[in-house]
Amino acid sequence: DTAVSQTPKYLVTQMGNDKSIKCEQNLGHDTMYWYKQDSKKFLKIMFSYNNKELIINETVPNRFSPKSPDKAHLNLHINSLELGDSAVYFCASSPIAGGSTDTQYFGPGTRLTVL
Amino acid sequence: AQSVTQLGSHVSVSEGALVLLRCNYSSSVPPYLFWYVQYPNQGLQLLLKYTSAATLVKGINGFEAEFKKSETSFHLTKPSAHMSDAAEYFCAVSVTGGGNKLTFGTGTQLKVEL
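Residue numbers (this note's numbering), protein chains in the order written: chain W, 1 to 115; chain D, 1001 to 1114.
This is the structure:
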């Protein structure tokens, strides 16, 4: 039973399209995150949500919009895709809001390729 | 703002040799430090973390790390490398009041040779 799952695993699309990535966790955690890993494997946080409330919103273009319908789900919608959006996007979750020592549990990633 | 620096983007060791992956941090407040491992085409998995208790932290798969405040370091070691240790290793830092925001280093690719 996968703890943090993401769909799709691979996403290939054209510039200008709109796409969504879905994330679900079955760990009962309160907090969920989106990270972007670029081609050099650098990982940077994009957003975090605690029980459907936005907590962290890093400097991310407003073409990226997270949506959390409930605390087990955090989806990422991207409008008007650009070449530079090509990356691997990871979803993660952790038990407690603001728990700075909490372990974050990562999903398997979604590899987005924009042509 | 806090940050981590990982020295050496690529490290190569022989099977059975000591593994040493370096991480230095910068933080104006007491940090919490983490090592995560990423196997090819997978998500990240926690190896170990320092949360201000014991400075020598033991993790999974025989890895350990020591928090040294005087050196602002949190280097990862394993006495004897195994082929299965080949992966990307990330050091990360968070601080109290940071909303559990992890700031990652640039990663170190560990290669294990026969």
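Built from N, CA and C at the ideal position, the CB exists for glycine as well. Note that the structure is predicted; figures quoted are calculated from it, not measured.
What is the DSSP secondary structure of residue i, counted as helix, strand or coil?
i: D/LYS1101; result: coil
i: D/SER1070; result: helix
i: D/LEU1018; result: coil
i: W/MET15; result: coil
Step through the CB atoms of chain D and report whether any lies within less than 9 Å of the CB of residue i.
i: W/ILE96; result: yes
i: W/LYS22; result: no
i: W/ALA92; result: yes
i: W/THR31; result: yes
Return no unless some Cβ of chain W is closer than 9 Å to the Cβ of residue i.
i: D/THR1055; result: no
i: D/LEU1044; result: yes
i: D/GLU1088; result: yes
i: D/PHE1034; result: yes
Check each candidate in the options and name the one with the smallest Cα separation from residue i.
i: D/ASP1085; options: D/VAL1037, D/SER1003 and D/THR1096; result: D/VAL1037
i: D/SER1009; options: D/GLY1107, D/VAL1112, D/GLU1113 and D/LYS1111; result: D/GLY1107
i: D/PHE1067; options: D/LEU1007, D/ALA1017, D/PRO1031 and D/GLN1045; result: D/PRO1031
i: D/ASN1041; options: D/GLU1088, D/THR1103 and D/LEU1007; result: D/GLU1088
i: W/ASN17; options: W/SER80, W/TYR89 and W/TYR10; result: W/SER80
What does the alpha-carbon distance come out to for the pair residue i and residue j?
i: D/MET1083; j: D/LEU1110; result: 10 Å
i: D/GLY1105; j: D/SER1028; result: 17 Å
i: W/LEU76; j: W/LYS52; result: 13 Å
i: D/THR1077; j: D/LEU1047; result: 11 Å
If contacts are defined as beta-carbon pairs under 8 Å, then residue i and residue j qualify, I think. What distance do you get, rounded to the angstrom?
i: D/GLN1002; j: D/ARG1022; result: Their Cβ separation, rounded to whole angstroms, is 17 Å, which puts D/GLN1002 and D/ARG1022 out of contact at 8 Å.
i: W/TYR105; j: W/ALA87; result: Contact flag wrong, Cβ pair sits at about 20 Å.
i: W/GLY107; j: W/GLN37; result: Between W/GLN37 and W/GLY107 the Cβ distance is about 12 Å, and since that is not below 8 Å, they are no contact.
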